[in-house]
Amino acid sequence: MNAVYNYLNDFLSLFFPDLCCGCGINLVSNESTICTNCTFHLPYTNYYKEPDNRVARQFWGRVPFIHCSAFLHFRKGSKVQNLMHQLKYNNKTDVGLKLGQMYGDQLLRAFESSKPDLIIPVPLHKAKEKKRGYNQSSFFAEGLAIALDIPVDSSSLQRNTFTDSQTRKSRFNRYENMQEVFAVAIPDTLEGKHVLLVDDIITTGATIESCAKALLAIPKVQLSIAAIAFTD
Ligand SMILES: [Zn+2]
Numbered sequence: 505m506n507a508v509y510n511y512l513n514d515f516l517s518l519f520f521p522d523l524c525c526g527c528g529i530n531l532v533s534n535e536s537t538i539c540t541n542c543t544f545h546l547p548y549t550n551y552y553k554e555p556d557n558r559v560a561r562q563f564w565g566r567v568p569f570i571h572c573s574a575f576l577h578f579r580k581g582s583k584v585q586n587l588m589h590q591l592k593y594n595n596k597t598d599v600g601l602k603l604g605q606m607y608g609d610q611l612l613r614a615f616e617s618s619k620p621d622l623i624i625p626v627p628l629h630k631a632k633e634k635k636r637g638y639n640q641s642s643f644f645a646e647g648l649a650i651a652l653d654i655p656v657d658s659s660s661l662q663r664n665t666f667t668d669s670q671t672r673k674s675r676f677n678r679y680e681n682m683q684e685v686f687a688v689a690i691p692d693t694l695e696g697k698h699v700l701l702v703d704d705i706i707t708t709g710a711t712i713e714s715c716a717k718a719l720l721a722i723p724k725v726q727l728s729i730a731a732i733a734f735t736d
């Protein structure tokens with residue numbers, strides 16, 4: 505039966521080939537989402553091994569955390585940009601799941617005795633999520649959850665509506681406004697928890713910082729931060 509299934513699959517893939525989300529070549533039957541060559545050559549940061557890595561340093565003095573890192577380096581025109589594009593704009597949610605699982609295997613070693621209790625993905629603007637149909641960071645969170653064997657909480661952290669007038673303000677003012685954007689629905693449920701806050705790409709870190717402040721306002725919450733990629 506398996507042989508028939510594989511044969512049928514190979515036959516169908518002649519007409520509807522599964523393509524690698526990193527480089528676009530046809531995937532072979534033992535590959536899914538990202539080809540072996542891309543998997544081998546992705547620009548891994550290996551920051552999970554370095555407590556004072558560049559992502560962590562970006563948050564020093566802004567947010568207290570237990571662990572902070574990103575999985576990949578993000579550069580324009582790179583395979584990582586292709587992967588992020590497929591994940592965000594082309595319904596390839598498997599990219600988030602797969603990268604989350606790969607990264608989760610690394611993070612298991614980084615956390616050792618201090619594993620987080622739950623994972624919270626940075627919420628999207630409601631209008632954006634409705635248009636896209638999904639939050640890409642939730643799929644990354646689900647992948648991490650499988651590897652770390654902890655749950656995902658996609659409902660506690662909420663993003664309030666971002667008004668049009670705010671987008672016209674200066675960068676500084678917008679940053680100030682971001683402080684008010686995130687809120688926790690039922691803070692009691694997170695009291696005393698170690699939360700792993702996750703996002704797709706970290707650039708300035710302003711979004712993570714706003715989320716972190718909302719979470720750290722809850723008594724005895726501890727925070728770790730992880731992202732798929734980091735803009736150097
Ligand atoms: Zn590839």
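The sequence shown: position 39 = 543 (our numbering), numbered continuously.
Just so it is clear, CB atoms sit at the ideal spot from N, CA and C, and this is done for glycine as well.
For residue i versus residue j, is the C-beta spacing smaller than 8 Å?
i: ILE706; j: ALA574; result: yes
i: LYS553; j: LEU622; result: no
i: LEU601; j: PHE643; result: yes
i: VAL702; j: LEU694; result: no
i: LEU652; j: LEU591; result: no
i: ASP598; j: THR537; result: yes
i: GLY604; j: ALA645; result: yes
i: ILE654; j: PRO620; result: yes
Mind checking residue i: buried by the 16 CB within 10 Å criterion, or exposed?
i: ILE732; result: buried
i: PHE544; result: exposed
i: ASN493; result: The structure shown does not extend to residue 493, since the chain is modelled only from 505 to 736, so the question has no answer here.
i: SER728; result: buried
i: ARG566; result: exposed
i: LYS583; result: buried
i: SER641; result: buried
i: GLU680; result: In this prediction, GLU680 has a pLDDT of 49, which is less than 50 and means its spatial position is unreliable; what the coordinates show is noted afterwards. Result: exposed.
Using only the alpha-carbon positions, how far apart do residue i and residue j sit?
i: GLN683; j: SER533; result: The predicted position of GLN683 is uncertain, since its pLDDT is 48 and thus under 50; no value can be drawn from it.
i: ASP704; j: VAL725; result: 22 Å
i: TYR548; j: SER659; result: 30 Å
i: GLY608; j: ALA560; result: 18 Å
i: SER714; j: VAL685; result: 7 Å
i: CYS542; j: GLY526; result: 6 Å
i: ILE624; j: LEU661; result: 7 Å
i: LEU648; j: ARG579; result: 23 Å
i: CYS572; j: LEU523; result: 32 Å
i: ARG558; j: ARG636; result: 31 Å
i: LEU720; j: MET606; result: 28 Å
i: TRP564; j: THR708; result: 13 Å
i: GLU628; j: PRO723; result: Note that residue 628 is Leu in the sequence shown here, rather than Glu. Rounded to the nearest angstrom, the two C-alpha atoms are 25 Å apart.
i: TYR511; j: PRO521; result: 14 Å
i: ALA710; j: VAL626; result: 12 Å
i: ALA562; j: PHE734; result: Note on residue identity: the sequence assigns Gln, not Ala, to residue 562. Using only the alpha carbons, I get a separation of about 11 Å.
i: ASN550; j: LEU531; result: 26 Å
i: ASN595; j: ALA507; result: 30 Å
i: ASP736; j: PRO691; result: 34 Å
i: ASN664; j: ASP556; result: 32 Å
i: PRO568; j: LYS717; result: 10 Å
i: LEU700; j: SER618; result: 11 Å
If you follow the alpha helix (DSSP H) that residue i is in, where does it begin and where does it stop?
i: SER641; result: 640-652
i: THR540; result: 540-545
i: ARG558; result: 558-563
i: THR693; result: No alpha helix (DSSP H) contains THR693, which DSSP labels as neither H nor E.
Could you tell me the boundaries of the beta strand (DSSP E) in which residue i lies?
i: ARG613; result: Taken as a continuous stretch (DSSP letters only), ARG613 belongs to no beta strand (DSSP E), being part of the alpha helix (DSSP H) at 597-615.
i: LEU701; result: 698-706
i: HIS577; result: 571-578
i: ASN735; result: The residue you asked about is not Asn; residue 735 is Thr in the sequence shown. From DSSP, the beta strand (DSSP E) with THR735 extends over 726-735.
i: SER663; result: Here residue 663 is Arg; the residue named in the question, Ser, does not match the sequence. Element bounds for ARG663: 661-663.
Comparing the C-beta of residue i with each C-beta of chain C, is any distance below 8 Å?
i: THR597; result: Reference to chain C is not applicable here, since this structure consists of a single protein chain.
Exercise. For ligand 1, which residues count as neighbours when the test is a C-beta closer than 5 Å to any heavy atom?
Worked result: CYS524, GLY526, CYS527, CYS539, CYS542
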